[in-house]
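With our numbering applied, the first sequence covers 756 to 954.
C-beta atoms are modelled at their ideal positions from N, C-alpha and C, and glycine is treated no differently.
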Amino acid sequence: MTDRSFLEAPAVEVAPRLLGAVIRHESDDGVVAIRLTELEAYLGDGTDPGSHAFRGMTKRNATMFGEPGHLYAYFTYDMHTCGNIVCSPSGTASGALMRGGEVVEGHELARARRSTSKNQHDLARGPARLAVALGIRLADNGSDLFAPPFSLELPHAPFDYLSGPRTGVSGEGGTEKYPWRFWLPDEPSVSPYRRHPKA
DNA sequence: TTAAGGATTGACT
DNA sequence: GTCAATCCTTAAT
756 MTDRSFLEAP AVEVAPRLLG AVIRHESDDG VVAIRLTELE AYLGDGTDPG
806 SHAFRGMTKR NATMFGEPGH LYAYFTYDMH TCGNIVCSPS GTASGALMRG
856 GEVVEGHELA RARRSTSKNQ HDLARGPARL AVALGIRLAD NGSDLFAPPF
906 SLELPHAPFD YLSGPRTGVS GEGGTEKYPW RFWLPDEPSV SPYRRHPKA
């Protein structure tokens with residue numbers, strides 16, 4: 756069961772089922788595992804203007820068109836790395852952006868990487884923070900999340916979740932058209948909603 | 001070749 | 001609440 760099979764659906768269907776999943780990354784420094792509490796879905800078939808893949812495959816987003824279950828890591832504002840879980844069969848771009856989570860293993864290492872965070876819930880509240888805490892680097896783009904140094908443990912049963920407009924995406928105007936942000940209720944590690952500053 | 005913008009965060013008023 | 005940091009990717013000459 757491979758857990759990988761259900762990732763072949765569009766991200767809009769996959770993202771809510773990834774809530775509560777635990778992603779683990781082992782590096783030279785040690786192991787950090789994070790339970791995902793917040794994700795956003797991005798499609799690439801031309802219907803999603805907020806997606807990097809909206810205008811077709813480019814050098815940067817090629818990973819999103821690849822095998823499901825792999826990691827699409829990208830750089831934004833030059834200071835932050837974010838991680839997506841690639842969905843949909845190879846050839847179709849679709850991904851679930853990991854926006855927030857709770858550190859369940861390797862707290863000390865996560866804290867060391869995120870020295871500015873003040874409390875446990877800030878360690879992975881926000882996409883770039885989560886990537887830093889987990890140890891994702893741009894070089895990890897394309898890595899298989901079901902093979903070392905990564906692993907991905909899916910929840911045994913679906914969780915109850917909430918959904919709403921995506922955060923920080925430009926070019927959507929009314930983001931209500933794309934209520935593809937999913938999060939678990941009552942989780943302090945879910946980032947607060949923020950519109951895009953220029954939207 | 002050149003110019004414009006960004007799936008954000010952290011610091012400061 | 002507002003604003004700067006900072007360089008890579010994409011789109012347009």
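Exercise. Quick one: what does DSSP say alanine 848 is sitting in, helix, strand or coil?
Worked result: When DSSP states are grouped into helix, strand and coil, alanine 848 belongs to the coil group.
For this session: Grab me the residues of histidine 807's own chain with a C-beta within less than 6 Å of its C-beta, minus the 5 sequence neighbours each way, in chain order.
Result: Asn816
Exercise. Where does the unbroken alpha helix (DSSP H) through arginine 779 begin, and where does it stop?
Worked result: Careful: arginine 779 lies outside any alpha helix (DSSP H), inside the beta strand (DSSP E) at 777 to 782.
Exercise. Taking just the CA atoms, how far does glutamate 863 sit from isoleucine 789?
Worked result: The straight-line gap from Cα to Cα measures roughly 13 Å.
Exercise. When the Cα atoms are used, what is the spatial distance from glycine 881 to valine 945?
Worked result: 8 Å
Exercise. Residue range of the beta strand (DSSP E) that histidine 835 falls in?
Worked result: For histidine 835, the enclosing beta strand (DSSP E) stretches over residues 835 to 841.
Problem set entry | Segments assigned alpha helix (DSSP H), at least 4 residues, entirely inside the segment 864 to 936 | Inside the segment 864 to 936, DSSP marks whole alpha helix (DSSP H) runs of 4 or more residues at positions 882 to 889, from first to last along the chain.
For this session: Please state if the CB of phenylalanine 901 and the CB of leucine 774 are separated by a distance shorter than 8 Å.
Result: No, the pair does not count as a contact, with Cβ atoms beyond the cut-off.
Exercise. In chain order, what residues of the same chain have a beta carbon less than 8 Å from the beta carbon of threonine 792, not counting five sequence neighbours either side?
Worked result: Leu774, Gly775, Gly855, Gly856, Glu857, Trp938, Leu939, Glu942, Ser944, Val945
For this session: Would you decide whether arginine 772 is buried or exposed? Buried here means 16 or more other CB atoms lie within 10 Å of its CB.
Result: buried
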